[in-house]
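The structure under discussion appears below in the form of structure tokens.
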Amino acid sequence: MTTAIREAAVTYETGRSLPEGKLTFEEFLAWCDEDTWAEWVDGEVIVLTPAKRKHQDIKGFLYSVIREFLHYKKTGRVFDAPFLVRLPGTLRRGREPDILYVSNEKLPLLKETYMDGPPDLIVEITSPESLARDRGEKYVEYEAAGVQEYWLIDPDRQEAEFYRLGENGRYRTIAPGGKGVYCTEILPGFWLKVDWLWQDPPPSVITCLKEMGIV
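The sequence shown: position 71 = 71 (full-length UniProt numbering), numbered continuously.
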């Protein structure tokens, strides 16, 4: 068992013994269940630590507002953790994004417990434990896999970074526009006022959709 797994196991009570040695992705799926928040990296199991309240507030807000937006626009589906993404090819990764958006064109990639390929949008909400991984490993993996947009949200620093895949297959940073508003190309008509993320409690979904002119 790797040091990373041992350290994660100390802070996260799964109630189940961690597997020894390397697993295939299929073996990982058989071991994992809907109550276990873990990732599969080069055959090893990485158990993730529980999220803090602010992390949960931001995730719940973003998931709810995107889901309600899709109720009207019907361009795809949104999922939140735990729901695995199996990255394609030689990446050998099964990641657990906080939020993922799947367009109608990519719905055939959805399986019962995971997505077999890259979604259109991934949102990761960082913690001190995950910051280096989210900004380093996952940035490189999501770019290589062809995830069109990657949002990286840091509740502790109250910073949000938005990356969009360019024609050269590389991420470029997209800064929010006037009044701190980020307009995504992945969800036409959807925009996000960055200050909404730091409000405690978060704004109501209906308030946000009214500002967008959706309802």
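Ideal placement from N, C-alpha and C gives every residue a C-beta, glycine not left out.
{"Query": "Is the number of C-beta pairs between the segment 36 to 43 and the segment 173 to 180 that are closer than 8 Å three or more?", "Result": "no"}
{"Query": "With three or more beta-carbon pairs closer than 8 Å as the criterion, would you say the segment 157 to 172 touches the segment 124 to 143?", "Result": "yes"}
{"Query": "Is it buried or exposed for E13, if we count other Cβ within 10 angstroms and need 16 for buried?", "Result": "Caution applies to E13, whose pLDDT of 48 falls short of 50 and renders its modelled position unreliable; the model cannot decide the point."}
{"Query": "If you check the beta carbons only, do D98 and D80 fall under 9 Å apart?", "Result": "yes"}
{"Query": "So the alpha helix (DSSP H) V194 belongs to, where does it begin and stop?", "Result": "Element bounds for V194: n/a, residue is neither H nor E."}
{"Query": "Using the three-state DSSP reduction, which class does T24 fall into: helix, strand or coil?", "Result": "coil"}
{"Query": "In whole angstroms, what is the alpha-carbon distance linking I125 and R67?", "Result": "18 Å"}
{"Query": "E20: buried (16+ other C-beta within 10 angstroms of its C-beta) or exposed?", "Result": "exposed"}
{"Query": "Using the Cβ count rule (16 or more neighbours within 10 Å means buried), how would you classify E7?", "Result": "Unreliable positioning characterises E7 in this predicted model, as indicated by a pLDDT of 41, which lies under 50. The coordinate reading is nonetheless provided below. It is exposed - the Cβ of E7 has fewer than 16 other Cβ atoms within 10 Å."}
{"Query": "In terms of residues, what are the limits of the beta strand (DSSP E) holding V140?", "Result": "Careful: V140 lies outside any beta strand (DSSP E), inside the alpha helix (DSSP H) at E137 to A145."}
{"Query": "With which residues is T173 paired in a DSSP beta bridge?", "Result": "Y163"}
{"Query": "For L91, which of V181, K193, Y139 and R157 has the nearest alpha-carbon?", "Result": "Y139"}
{"Query": "Quick test of the definition: if touching needs 3 or more C-beta pairs under 8 Å, does the segment 191 to 205 touch the segment 57 to 72?", "Result": "yes"}
{"Query": "Could you please give the first and the last residue of the uninterrupted alpha helix (DSSP H) stretch that includes R53?", "Result": "R53 to K73"}
{"Query": "Taking all protein chains shown into account, decide if A132 is buried (16 or more other Cβ within 10 angstroms of its Cβ) or exposed.", "Result": "exposed"}
{"Query": "Please classify E7: does DSSP put it in a helix, a strand, or coil?", "Result": "A caution first: E7 carries a pLDDT of 41, below 50, which makes its placement in the model too unreliable to give a value."}
{"Query": "Measure the alpha-carbon distance for L187 versus T75 and round it to whole angstroms.", "Result": "8 Å"}
{"Query": "Label D154 either buried or exposed according to how many other C-beta atoms from any shown protein chain fall within 10 Å of its C-beta, with 16 as the threshold for buried.", "Result": "buried"}
{"Query": "Cα-Cα, which of L18, L23, I122 and P88 is closest to E161?", "Result": "I122"}
{"Query": "If you drop the 5 nearest sequence neighbours on each side, which residues of the same chain put their C-beta closer than 8 Å to that of P203?", "Result": "F61 and W196"}
{"Query": "Take L87 and list the residues in its own chain whose beta-carbon comes closer than 7 Å to its own, dropping the five residues that flank it on each side.", "Result": "R93, R95, P118, E141 and A145"}
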